[in-house]
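Student:
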Amino acid sequence: MPMKPLRALATLLALLSAISSQASPDDVMMQAISGQAGEPTGQAVHYFDADPETRGYLALPEGEGPFPAVILIHEWNGLVDRIRQTADAFAAHGYIALAADLYSGRTGSNREENIALVREARSDEATIIANLNAAVNWLETHTPSSGKVATIGWCFGGGIALSYALGGEHHDGTAIFYGSLLDDPERMSHIHHEVYGTFAENDRGIPVEQVDAFVAAMREAGIENDVHIYDSVEHGFWLHTERDPANNRPAAAHAWERLRAYLNRTLDGPDPAETGHEHH
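All letters in the sequence shown, in the order written, are residues -23 to -1, 1 to 257 by mature numbering (1 follows the signal peptide of the UniProt record, and there is no 0).
#1: So what's residue 84 in DSSP terms, helix, strand or just coil?
#2: Taking the CB atoms as reference points, tell me whether residue 33 and residue 75 lie closer together than 7 angstroms.
#3: For residue 62, count neighbouring C-beta atoms within 10 Å of its own C-beta (all shown protein chains included) and say buried if the count is 16 or more, exposed if not.
#4: Pull up the distance between the alpha-carbon of residue 174 and that of residue 57, whole angstroms please.
#5: Between the alpha carbons of residue 240 and residue 151, how many angstroms are there, rounded?
#6: Inspect the CB distances between the stretch 10 to 22 and the stretch 94 to 107 and report whether three or more fall short of 8 angstroms.
#7: From residue 123 to residue 86, what does the alpha carbon distance come to, in whole angstroms?
#8: Helix, strand or coil: how does DSSP classify residue 144 here?
#9: Helix, strand or coil: how does DSSP classify residue 189 here?
#10: Check whether the Cβ atoms of residue 204 and residue 192 lie closer than 7 angstroms to each other.
#11: Note down the Cα distance separating residue 1 from residue 67, rounded to an integer number of angstroms.
#12: Assign residue 24 to one of three DSSP states: helix, strand, or coil.
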């Protein structure tokens, strides 16, 4: 079974973050995922030659590098400012952050539009894989990348991150936030790096049983993983802590510390976290 959250530790981390009166790298991410970040400060980039409408978003750390990189895969509504602000926060922590665009520059403004965008994108998974392959290659040739890269996705993007781990070019990490899952050990055996997963106990679309089956499949396939189910939270809790601050913020703070530690392990990252973690 995935471990249950350390509620006391998560609450303590959130309180320590809130105590600081000045923005620092340690609370930039929590600001970004609670809707309290400023205007995005990175730049739009065209990284996918096969689709001239694609516009990603690049945020760079200060300094000359080389830096490890993360590719951010948006939710079902597309590449919006919350993702750009999150990319800026990753850059503040020492990572080159490229937010991919899988909708050819389009975004959705309601449930119906979002569903239509997801269905269109999912109907051509080969183009999605080509898009993300192009992102990996673009980072290598256009940024001071160390060559280490991980994908991080939320909701729709979490499922895409898993699909890319199964069928994309070589990369070093996959972080899935409440994305669609598999339970087939044979298919999972194509993954050759540790997998990070954060899920919500009250997620109606991805119930706990699916997460348990996913973890069991990874264990059978011999894939090291750090998967955690947070209780008292719902789908989308990490990227939108403001929806239920009392429950979401402590869980999100703990998940962020786990993610920092994971990226430090898999990408030789510059931003080690002090919290412990448990492998499965």
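Ideal Cβ positions, reconstructed from N, Cα and C, are used throughout, including at glycine.
Tutor: The answer reads as follows:
#1: The residue given as residue 84 occupies position 107 in the sequence shown. Here residue 84 sits in coil by DSSP.
#2: Against the sequence shown, residue 33 aligns to sequence position 56. Against the sequence shown, residue 75 aligns to sequence position 98. Cβ distance < 7 angstroms, so residue 33 and residue 75 count as in contact.
#3: In the sequence shown, residue 62 corresponds to position 85, counting from 1. Flag for residue 62 reads buried.
#4: Here residue 174 refers to the residue found at position 197 of the sequence shown. Here residue 57 refers to the residue found at position 80 of the sequence shown. Spanning the two alpha carbons is a distance of roughly 23 angstroms.
#5: For this step, residue 240 is matched to residue 263 along the sequence shown. For this step, residue 151 is matched to residue 174 along the sequence shown. For residue 240 and residue 151, the distance between alpha carbons rounds to 9 angstroms.
#6: no
#7: On the sequence shown, position 146 is the one that residue 123 refers to. On the sequence shown, position 109 is the one that residue 86 refers to. Our two residues, residue 123 and residue 86, have alpha carbons roughly 37 angstroms apart in a direct line.
#8: By one-based count along the sequence shown, residue 144 stands at place 167. Helix, per DSSP.
#9: Taking the first residue of the sequence shown as 1, we reach residue 189 at position 212. In the structure shown, residue 189 adopts helical secondary structure according to DSSP, grouped into three states.
#10: Residue mapping note: residue 204 aligns to position 227 of the sequence shown, counting from 1. Residue mapping note: residue 192 aligns to position 215 of the sequence shown, counting from 1. Contact flag set, yes.
#11: Within the sequence shown, numbered from 1, the residue matching residue 1 stands at position 24. Within the sequence shown, numbered from 1, the residue matching residue 67 stands at position 90. Confidence in residue 1 is poor, its pLDDT being 46 and thus under 50, which makes the residue's placement too unreliable to answer from.
#12: Residue mapping note: residue 24 aligns to position 47 of the sequence shown, counting from 1. Reduced to three states, the DSSP call for residue 24 is coil.
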